[in-house]
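Colleague: In UniProt numbering, the protein residues as written are 1 to 86.
Idealized CB from N, CA, C, for every residue including glycine.
What you are looking at is a predicted structure, and each value in this text was computed from that prediction instead of being measured.
Once you've had a glance at the structure underneath, I'll fire off some questions.
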C-alpha cells in the first residue's frame with residue numbers, strides 16, 4: 001500500500017499472483033502461524049529473503065489479517081505500522 005510506504009508490484013499475474021512466488025508457500029505453513037507465545041523467528045527469517053515481501057505485507061494490511069506472519073511482521077507489528085500511517 002502506498003500509504004504505508006510500499007510500492008505495489010502488480011503485473012500480468014493478477015492481484016494475488018505474488019502468492020505463488022512467496023517463499024512461505026514452499027515451507028512449513030505452521031511456522032507462519034505459531035501458537036500463542038510461540039516463536040516467529042523462523043518465519044521472519046524466511047520473509048527476509050522473500051522477493052514478494054512487500055506485496056505480502058500490503059495484502060495483510062489491506063485485508064486486516066489478524067493472525068500469522070505476513071511480510072515479515074507479526075499482527076502486533078502490523079497494527080503498530082497501521083497506527084503510524086494514520
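#1: Taking 6 Å as the limit between beta carbons, can you name the residues of its chain near residue 23, skipping five residues before and five after?
#2: Given a threshold of 16 other Cβ atoms within 10 Å of its Cβ, counted over all protein chains shown, does residue 48 qualify as buried or as exposed?
#3: Name the residue from 71, 40, 82 and 66 whose alpha carbon lies nearest to the alpha carbon of residue 55.
#4: With DSSP as the reference, identify every bridge partner of residue 73, one or two as the case may be.
#5: With respect to the alpha helix (DSSP H) encompassing residue 50, which residues constitute its N-terminal and C-terminal limits?
#6: Here's the rule: buried if 16 or more other CB atoms are within 10 angstroms of the residue's CB, otherwise exposed. What is residue 40?
#7: In this structure, how does DSSP classify residue 36 when only helix, strand and coil are distinguished?
#8: Could you tell me how far apart the beta carbons of residue 61 and residue 78 are, in whole angstroms, since I believe they sit closer than 8 Å?
Modeller: The relevant details are as follows:
#1: The residue given as residue 23 occupies position 23 in the chain shown. Hits under 6 Å: 46 and 50.
#2: Here residue 48 corresponds to residue number 48 of the chain shown, with the count starting at 1. By the neighbour-count definition (other C-beta atoms within 10 Å, threshold 16), residue 48 is an exposed residue.
#3: The count along the chain shown starts at 1 and reaches residue 55 at position 55. Ranking 71, 40, 82 and 66 by Cα distance to residue 55 puts 71 first.
#4: The sequence position of residue 73 within the chain shown is 73, counting from 1. According to DSSP, residue 73 shares a beta bridge with 70.
#5: Counted from its first residue, the chain shown places residue 50 at position 50. Segment: none, residue 50 is in no alpha helix (DSSP H) and carries neither H nor E.
#6: What you label residue 40 is simply residue 40 of the chain shown in a count that begins at 1. A buried status is given to residue 40, since no fewer than 16 other beta-carbon atoms sit within 10 Å of its beta-carbon.
#7: Taking the first residue of the chain shown as position 1, residue 36 is located at position 36. Three-state DSSP puts residue 36 in coil, outside helix and strand.
#8: The residue you call residue 61 lines up with position 61 of the chain shown. The residue you call residue 78 lines up with position 78 of the chain shown. Taking a contact as a CB-CB distance under 8 Å, the pair residue 61 and residue 78 counts as one, their CB atoms being some 6 Å apart.
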